[in-house]
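Okay, structure first, notes after.
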Amino acid sequence: MTLADLPLAPLERALVDSLQRLAPQADPSVLAAAALCCQALGAGDVCLPLARWAGQRPWPDLPFALPAQADWQDRLSASPLVGAPGAYAPLILDGGRLYLARYQAYEARLAGQLLARVEQLPDVDEARLADSLARLFAFNSQQPDWQRLAAAQAVRRNLAVISGGPGTGKTTTVVRLLAALLEQPGGERLAIGLAAPTGKAAARMAEAIRNAKAGLPVDDAVKAALPEEARTLHRLLGSRGDSPVVRHHAANPLPLDVLVVDEASMVDLALMAKLLDALSPQARLILLGDKDQLAAVEAGAVFAELCEGQGFSAATAADLQRLTGQPVPVAAPCSRLGEAVVLLTHSHRFAGDSGIGELARRINGGDAPGTLALLGEGREDLAWQPQPTPVALLDRLEQGYAPYLEAAQSGDPAVAFAAFNAFRALCAQREGAFGVGGLNEGLEARFKRRLRVAARERWYAGRALMVRQNDYALGLFNGDIGLCLPTAEGLRVFFEAEDGFRAFAPARLPSHDSAFAMTVHKSQGSEFAEVLLALPESPSPLLTRALLYTGITRAKRKVELWALPARLSESVQTRGERSAGLAERLAMDAPPAPPPVPERDQLSLF
Numbered sequence: 000m001t002l003a004d005l006p007l008a009p010l011e012r013a014l015v016d017s018l019q020r021l022a023p024q025a026d027p028s029v030l031a032a033a034a035l036c037c038q039a040l041g042a043g044d045v046c047l048p049l050a051r052w053a054g055q056r057p058w059p060d061l062p063f064a065l066p067a068q069a070d071w072q073d074r075l076s077a078s079p080l081v082g083a084p085g086a087y088a089p090l091i092l093d094g095g096r097l098y099l100a101r102y103q104a105y106e107a108r109l110a111g112q113l114l115a116r117v118e119q120l121p122d123v124d125e126a127r128l129a130d131s132l133a134r135l136f137a138f139n140s141q142q143p144d145w146q147r148l149a150a151a152q153a154v155r156r157n158l159a160v161i162s163g164g165p166g167t168g169k170t171t172t173v174v175r176l177l178a179a180l181l182e183q184p185g186g187e188r189l190a191i192g193l194a195a196p197t198g199k200a201a202a203r204m205a206e207a208i209r210n211a212k213a214g215l216p217v218d219d220a221v222k223a224a225l226p227e228e229a230r231t232l233h234r235l236l237g238s239r240g241d242s243p244v245v246r247h248h249a250a251n252p253l254p255l256d257v258l259v260v261d262e263a264s265m266v267d268l269a270l271m272a273k274l275l276d277a278l279s280p281q282a283r284l285i286l287l288g289d290k291d292q293l294a295a296v297e298a299g300a301v302f303a304e305l306c307e308g309q310g311f312s313a314a315t316a317a318d319l320q321r322l323t324g325q326p327v328p329v330a331a332p333c334s335r336l337g338e339a340v341v342l343l344t345h346s347h348r349f350a351g352d353s354g355i356g357e358l359a360r361r362i363n364g365g366d367a368p369g370t371l372a373l374l375g376e377g378r379e380d381l382a383w384q385p386q387p388t389p390v391a392l393l394d395r396l397e398q399g400y401a402p403y404l405e406a407a408q409s410g411d412p413a414v415a416f417a418a419f420n421a422f423r424a425l426c427a428q429r430e431g432a433f434g435v436g437g438l439n440e441g442l443e444a445r446f447k448r449r450l451r452v453a454a455r456e457r458w459y460a461g462r463a464l465m466v467r468q469n470d471y472a473l474g475l476f477n478g479d480i481g482l483c484l485p486t487a488e489g490l491r492v493f494f495e496a497e498d499g500f501r502a503f504a505p506a507r508l509p510s511h512d513s514a515f516a517m518t519v520h521k522s523q524g525s526e527f528a529e530v531l532l533a534l535p536e537s538p539s540p541l542l543t544r545a546l547l548y549t550g551i552t553r554a555k556r557k558v559e560l561w562a563l564p565a566r567l568s569e570s571v572q573t574r575g576e577r578s579a580g581l582a583e584r585l586a587m588d589a590p591p592a593p594p595p596v597p598e599r600d601q602l603s604l605f
């Protein structure tokens with residue numbers, strides 16, 4: 000058997016062919032490792048952990064087996080295709096992890112940037128900060144008030160990582176900590192930027208901050224200085240099409256003193272590395288997100304890794320208690336970033352007796368029996384169909400969307416969007432009878448029959464769609480939801496805007512899909528009154544604790560699960576961790592790393 004016989008995807012095949020041209024006598028186990036490394040990236044991993052694959056047959060239908068780990072590492076180290084950290088080679092062997100060179104450089108450079116930033120402490124007028132915190136967070140009665148503590152750390156440091164589930168007040172916290180920053184000496188001169196991974200998330204962030212700042216107990220000058228616009232990270236950095244090069248980098252940094260990034264759990268390793276590279280060393284970076292949500296679609300789970308090892312030393316706890324008047328628990332941080340991380344734990348959305356809140360806690364705790372037991376209690380805000388069938392699911396979805404379909408015929412976008420956001424179907428995957436494609440196709444066929452629209456017609460009053468390609472000229476972004484409604488000029492597709500709604504002729508829209516059912520990934524950052532989450536009948540690697548948690552916490556009022564008990568249990572028990580080395584590089588006992596390959600060099604590598 001030769002390497003040509005391996006069942007590789009086109010990208011993996013192209014990589015292996017390129018490496019063979021560079022080293023015609025390369026060991027097959029080295030080339031197989033490169034293919035697996037490429038495959039791992041496609042699955043969201045940053046690197047290939049050799050221990051997981053050593054001695055295994057990666058392609059079960061073929062008699063090809065990898066060497067034992069020690070032998071494999073020796074072969075990799077001896078290969079001209081593989082280098083040590085800091086070397087110029089297509090593959091980098093870093094301990095027991097194998098990387099494509101570009102991703103090892105991204106990870107090493109990001110770790111270095113984060114550590115340098117967390118060690119720089121800005122000048123702070125603590126008396127003024129204490130006064131700001133007492134006034135801005137006087138409405139909170141929790142002890143300790145984690146929102147107040149998060150704001151205190153964000154003002155006192157150049158790096159702040161704030162994690163919290165839905166309803167824990169991340170937006171409330173950030174708008175008030177920005178007000179506290181502006182009240183510091185020289186704060187009126189701060190250039191503050193807001194950003195998010197997607198256009199939809201950026202728009203929601205800007206709207207939330209505009210709404211939250213109205214009731215702040217600060218003077219009008221501070222309110223006026225708070226930003227009201229947010230940009231996508233790609234637009235902020237100046238991405239250039241499909242090129243990995245961006246306009247803003249270390250030699251041309253962003254003109255910002257403070258940058259707030261919302262939905263940071265959706266930011267992949269490459270994008271986060273470029274973002275840190277583009278910020279001046281003196282600028283503050285504030286990352287907001289939910290460490291328990293799904294990670295980025297691309298490689299890496301950066302935000303979750305940053306949140307590992309969180310804790311306050313006795314000295315820091317004493318400082319915070321003096322500043323805030325709050326009791327601060329002492330827990331020695333295990334990460335050098337640990338004291339920059341604050342976890343918001345009190346949910347203002349889900350009351351103490353909330354079934355959704357309790358379900359989220361049991362899922363995050365990995366309690367599969369408890370999750371099934373809770374769903375079987377008949378709580379008012381929880382429903383479960385343990386024996387789903389495709390036909391019964393379509394019947395239920397048609398019933399769930401009936402009020403929206405009726406509202407859409409009025410042509411009033413405000414009424415239509417309110418009805419559409421009252422109920423949403425979420426799926427774990429795109430394919431299959433319980434996937435996005437099958438459900439959207441089945442629902443649209445039913446809706447057309449109900450509305451007496453010809454099956455071949457693509458556009459009809461009530462069609463819901465999701466944009467899947469950014470169009471900066473039209474101001475439409477990947478993830479934006481549009482509703483097709485009747486007007487005097489014919490059918491138009493309406494999108495929510497800051498001051499109402501924007502309408503477009505269907506022919507003007509960028510690439511899009513129908514959106515009655517959407518993936519949990521695409522729903523991140525959104526909220527709906529009621530959510531129906533459908534899981535596939537067969538086991539799937541997509542079914543993880545993070546996916547289940549993210550799906551159910553999109554609901555504000557009620558969650559309905561259509562899933563076999565076995566699939567629910569598998570989801571709760573599967574953590575879905577991604578292979579990476581960032582948390583290890585940030586650990587207290589991590590050795591100093593060699594300087595990474597400069598970006599201008601590593602961009603030419605695989």
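Position 343 of the sequence shown, counted from 1, bears residue number 342 in numbering that gives the first Met the number 0, the numbering being contiguous throughout.
Idealized CB from N, CA, C, for every residue including glycine.
Being a predicted model, the structure only gives us computed values, none of them experimental.
Among the bridge pairs identified by DSSP, Ser162 is matched with Gly288, Leu342. In the DSSP annotation of this structure, the continuous segment of the alpha helix (DSSP H) that includes Leu404 starts and ends at 389 to 407. In this structure, Leu225 sits away from Gly192, with a CB-CB distance that is not shorter than 8 Å. Per DSSP, the continuous beta strand (DSSP E) segment holding Trp561 begins and ends at 554 to 561. Rounded to whole angstroms, the gap between the alpha carbons of Glu182 and Val257 is 14 Å. Across the structure, Glu430 and Val340 are spaced so that their CA atoms are roughly 38 Å apart.
In this structure Met265 does not touch Ala229 by the C-beta definition: roughly 14 Å separates them, more than the 8 Å allowed. When DSSP assignments are scanned along the stretch 352 to 386, the uninterrupted stretches of alpha helix (DSSP H) that are 4 or more residues long and fall wholly within it turn out to be 354 to 363, 367 to 374.
Cβ neighbours of Gln309 within its own chain (closer than 6 Å, five residues either side excluded): Gly337, Val340. For Gly337, the secondary structure class from DSSP, reduced to helix, strand or coil, is helix. With fewer than 16 other CB atoms across the displayed protein chains lying within 10 angstroms of its CB, Gln398 is exposed.
Secondary structure at His520: helix, using DSSP grouped into helix, strand and coil. Exclusion of the five residues before and after Lys447 leaves Ala453, Ala454, Glu456, Tyr459 as the residues of its chain whose Cβ lies within less than 8 Å of its Cβ. Between the stretch 366 to 382 and the stretch 481 to 496 there are fewer than three C-beta pairs closer than 8 Å, too few to call the two in contact. Here Asn439 has Ser513, Phe515, Ala516 as same chain residues with Cβ atoms under 7 Å from its own Cβ, once five neighbours each way along the sequence are excluded.
In this structure, the straight-line span from the alpha carbon of Thr323 to that of Phe138 is close to 14 Å.
Shown here for Leu532: same chain residues with a beta carbon closer than 6 Å to its own, the five before and five after excluded, namely Leu425, Gly550, Leu560 in chain order.
The beta carbon of Gln142 lies closer than 7 Å to those of Gln325, Pro326 in the same chain, with the five residues before and after it left out.
Contact check for Leu61 against Leu18 fails: the beta carbons are separated by 8 Å or more.
Exclusion of the five residues before and after Lys557 leaves Asp380, Glu529 as the residues of its chain whose Cβ lies within less than 6 Å of its Cβ. DSSP, read as helix, strand or coil, puts Ser28 in helix. Within the same chain, and ignoring the five residues on either side of His248 in sequence, the residues whose Cβ sits closer than 6 Å to its Cβ are Asp276, Ala277. Assigned with DSSP and collapsed to three states, Val435 falls in helix. The C-beta of Ser353 has 16 or more other C-beta atoms within 10 Å across all chains shown, which makes the residue buried.
For Ala565 and Leu371, the gap between their C-alpha atoms comes out near 10 Å. In the structure shown, the three-state DSSP call for Thr231 is strand.
Asp93 carries a strand assignment under DSSP once its states are collapsed to helix, strand and coil. Taking C-alpha positions only, Val435 is separated from Arg423 by approximately 12 Å. When the five nearest sequence neighbours on each side are left out, the beta carbons in the same chain lying within less than 7 Å of the beta carbon of Glu569 are those of Pro538, Leu542, in order along the chain. Under DSSP, the beta-bridge partners assigned to Asn251 are His248. Counting of Cβ neighbours within 10 angstroms places Asn469 among the buried residues, the total reaching 16 or more. The DSSP-derived three-state label of Pro6 is coil.
Residue pairing by DSSP puts Phe500 in a beta bridge opposite Glu495. In the three-state reduction of the DSSP assignment, Arg462 falls in the coil class, being assigned neither a helical nor a strand state. In terms of Cβ geometry, Ala153 and Ile285 form a close pair [threshold 8 Å]. Contact annotation: Leu80 and Ala25 have beta-carbon atoms nearer than 8 Å.
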